[in-house]
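In mature numbering (1 follows the signal peptide of the UniProt record, and there is no 0), the protein residues as written are -22 to -1, 1 to 179. Ideal Cβ positions, reconstructed from N, Cα and C, are used throughout, including at glycine.
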């Protein structure tokens, strides 16, 4: 009888261990944010947005501040280009209504410029994992300057929209879109600055 009880207990233990291992494996593939990403996102101005947007890169990033910075700038650049395309779609209609100096036309220029600065940042940032010493300092400084300039361009567009005549419905739509990308770029800049500071120490 005692032997039978021991056998039953052993089977239960094996079953429980199997369930735990299965659960752990499922967690490994779960797209929830890693503790690493959550921790670094706390240093940004928009931590919730940071975690929500970057959590999908958890397996790719692992615990690399460099890879997280690359992912953040890449995401910002992609969204900025989509915003620039949307602005261009509305540029002609607004230009016809309010003349060649329409706010939308001005925003097309600043947001397109912002996207180019972010593209330059991605190219430079991807090579920084192998850079050392003064070479690293110079190159990461360039990235910080370009991402900062990209954010400035986006904020300039917001100022233009607020200060000029634009169809109210379109203004609300454009302001929302540009505000969104400016928040993503702010997150990217914070993570680039974090990466730069840890490598300098």
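Check: Through-space distance from residue 56 to residue 171, alpha-carbon basis; Outcome: 20 Å
Check: For residue 24, the nearest candidate out of 58, 160, 67, 149 (CA to CA); Outcome: 160
Check: Between the CA atoms of residue 131 and residue 6 - distance to the nearest angstrom; Outcome: Legend: pLDDT at residue 6 = 46, less than 50; position of this residue unreliable, value from coordinates given subsequently. So the alpha carbons of these two residues sit roughly 39 Å apart.
Check: Reduced DSSP category for residue 153 - H, G, I as helix; E, B as strand; rest coil; Outcome: helix
Check: Expected contact under 8 Å - CB spacing of residue 148 and residue 68 to nearest Å; Outcome: 6 Å
Check: Residues near residue 142 by beta carbon distance below 6 Å, same chain, minus five either side; Outcome: 81
Check: Separation of residue 146 from residue 174, as counted between CA atoms; Outcome: 41 Å
Check: CB contact below 7 Å: residue 55 versus chain B; Outcome: You won't find chain B in this structure, because it holds only one protein chain.
Check: Residue 102 in three-state terms, based on DSSP; Outcome: helix
Check: Alpha-carbon spacing of residue 124 relative to residue 96, whole angstroms; Outcome: 7 Å
Check: Helix, strand or coil at residue 44 [DSSP, three-state]; Outcome: helix
Check: Residue 63, buried or exposed, once every other Cβ within 10 Å from all chains shown has been counted against 16; Outcome: exposed
Check: Whole-number beta carbon distance between residue 18 and residue 196, since they are thought to touch under 8 Å; Outcome: The structure shown does not extend to residue 196, since the chain spans only -22 to 179, so no value can be given for it.
Check: Rounded straight-line distance, which links the Cα of residue 35 to that of residue 41; Outcome: 11 Å
Check: Proximity to residue 103 [Cα-Cα], best of 15, 29, 31, 167; Outcome: 167
Check: Cα-Cα separation between residue 111 and residue 83, rounded to whole angstroms; Outcome: 43 Å
Check: Nonlocal neighbours in the same chain, by C-beta distance under 8 Å from residue 156, ignoring five residues either side; Outcome: 61, 85, 89, 132, 135, 136, 139
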